[in-house]
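Here is the structure we will look at.
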Ligand code: ADP
Ligand code: MG
Ligand code: MG
């Protein structure tokens, strides 16, 4: 029921915030190679503000929690990642208004990816978070709708998809975001936003597996 979902969601959010804190300098190092060395700090600023709201989350529906995570990220994270993460969470949270089910989780994942692409206009292969999200979302949807796998198994496969997507960002040339300013010099570096997307998904999976 709703309170079980809410507690699981709050635990996932706390685990994500802790992981982002742990990976702050790692994400900033990745961004210093092909960007402006702020991705770790940007994500940390956003998720530490989110973690401070766990008391407020106790009074909310799962959809409201996700929406509030989005607005908090928008309010605390500048740069490209703030509106991409925050705005997409806000919009996609509407898909969870009827509660979190296997079906609404697929709709949420698709709406999230749609919004990232709507806003950022990055195709696959531009060396952005889209490269982690596309294989993750497609794998999740296919695993549920075509292969009939249970949601947790499907999500584990989605995380593997995101991991392959992150690896795929290394050899390619950036054509969107700050890294595109480097042109061919961006080749050989892993995209920070794809990496933070993977870390967030890993923590959601680890929480769901507990
Ligand atoms: P900024 O580049 O403004 O300093 P961040 O460093 O926080 O912002 O985030 C950079 C990440 O944002 C990139 O690694 C990339 O994954 C993502 N990103 C940048 N531009 C786009 C875009 N147009 N579409 C999707 N993701 C993008
Ligand atoms: Mg940056
Ligand atoms: Mg910046």
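Residue numbers (our numbering): 4 to 213. Don't be surprised by glycine CBs; every beta carbon is placed ideally from N, CA and C.
Fill in: Beta carbon nearer than 6 Å to a non-hydrogen atom of ligand 3
Checking every Cβ against the heavy atoms of ligand 3 under 6 Å gives 39, 41, 82.
Practice prompt. Could you tell me which uninterrupted alpha helix (DSSP H) segments, each at least 4 residues in length, are contained entirely in the region 38-72, listed from first to last along the chain?
Written response: 42-54, 57-60
Fill in: Alpha carbon of residue 9 to alpha carbon of residue 65, nearest angstrom
By one-based count along the chain shown, residue 9 stands at place 6. By one-based count along the chain shown, residue 65 stands at place 62. Rounded to the nearest angstrom, the two C-alpha atoms are 5 Å apart.
Worksheet item: According to the neighbour-count rule (16 or more other Cβ atoms, all chains shown, within 10 Å of its Cβ), is residue 153 buried or exposed?
Response: For this step, residue 153 is matched to residue 150 along the chain shown. With fewer than 16 Cβ atoms within 10 Å of its Cβ, residue 153 is classed as exposed.
Worksheet item: How many angstroms separate the CA atom of residue 67 from the CA atom of residue 56?
Response: For the purposes of this step, residue 67 is identified with residue 64 of the chain shown, where counting begins at 1. For the purposes of this step, residue 56 is identified with residue 53 of the chain shown, where counting begins at 1. So the alpha carbons of these two residues sit roughly 12 Å apart.
Worksheet item: Would you say residue 11 and residue 210 are within 9 Å of each other, going by their C-beta atoms?
Response: Mapped onto the chain shown, residue 11 falls at position 8. Mapped onto the chain shown, residue 210 falls at position 207. The answer is yes: Cβ separation under 9 Å.
Worksheet item: How about residue 48: is its Cβ closer than 8 Å to a heavy atom in ligand 2?
Response: Position 45 of the chain shown, counting from 1, holds the residue named residue 48. No; taking the cut-off as 8 Å, the Cβ of residue 48 has no heavy atom of ligand 2 nearer than that.
Item to complete: With residue 202 as the anchor, note down where its alpha helix (DSSP H) starts and where it stops.
Response: Numbered from its first residue, the chain shown carries residue 202 at position 199. Element bounds for residue 202: 195-212.
Item to complete: Have a look at residue 177 and residue 162 and give me their C-alpha separation to the nearest angstrom.
Response: In the chain shown, residue 177 corresponds to position 174, counting from 1. In the chain shown, residue 162 corresponds to position 159, counting from 1. Approximately 23 Å, taken between the alpha carbons.
Discussion item. I'd like the list of long-range same chain contacts for residue 19, defined as Cβ closer than 6 Å, with 5 residues on each side in sequence excluded.
Written reply: For this step, residue 19 is matched to residue 16 along the chain shown. Contacts found: 203, 206.
Worksheet item: Taking three-plus beta-carbon pairs below 8 Å as touching, is the region 188-199 in contact with the region 27-37?
Response: yes
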